[in-house]
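The structure appears below as structure tokens.
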Amino acid sequence: MPQFMISYLGGQQPASSEESQQRYLEYKQWLSSLGDTAVSPANPLKSTTTIHADGSVVNSSATSMSGFTIIEVDSMNAALVVARACPFLQIGGSLEVSELIPMS
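Here it is in structure tokens:
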């Protein structure tokens, strides 16, 4: 069955620790609802460093990607249904859904 990566981009930072906790609970509930569909459910990113083609290194991200989830579903359409239910969209974030190419 194909695997898809849902990338988390942007989104508003929580205004308080209470809001942060609420968002985390909503996200955990969504991940839990995925069951076995979520192959690698929660993968937040930390301390991103970018290496450019000229060899220069910058201690920041070239994108606003903050993490990813890998799911296993029948098709891109099914992956989009899963992604559209993600609470990350409620905080102004965007999601990119990409099919992963199996490599041997």
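First residue of the sequence shown? That's 241 in my numbering, and the numbers climb one at a time after it.
Where a beta carbon is used, it is the ideal one built from N, C-alpha and C, also for glycine.
Between residue i and residue j, how many whole angstroms is the CB-CB distance? I'm expecting something under 8 Å.
i	j	result
Glu336	Ser247	4 Å
Met241	Asp294	Not a contact, Cβ separation roughly 40 Å.
Short check: CB of residue i to CB of residue j, under 9 Å?
i	j	result
Ile341	Phe244	no
Leu249	Thr303	yes
Ala285	Ser306	A small correction: the amino acid at residue 285 is Leu; Ala does not occupy that position in the sequence shown. Cβ distance < 9 Å, so Leu285 and Ser306 count as in contact.
Gly332	Gln252	yes
For residue i, which residues of its own chain have a beta-carbon under 8 Å away from its beta-carbon, when the five flanking residues on both sides are left out?
i	result
Leu271	Ala278, Pro281, Ala282 and Thr309
Using a Cβ-Cβ cutoff of less than 6 Å, which residues in the same chain neighbour residue i once the five nearest sequence positions on both sides are dropped?
i	result
Pro327	Glu266, Tyr267 and Trp270
Please list, in chain order, all residues of the same chain as residue i whose beta carbon is under 7 Å from its beta carbon, the five residues on each side excluded.
i	result
Ser300	Thr288 and Thr290
What are the start and end residues of each continuous alpha helix (DSSP H) run of 4 or more residues lying completely inside the stretch 253-303, in chain order?
-> With a minimum length of 4 residues, the continuous alpha helix (DSSP H) runs that stay inside the stretch 253-303 are 257-274.
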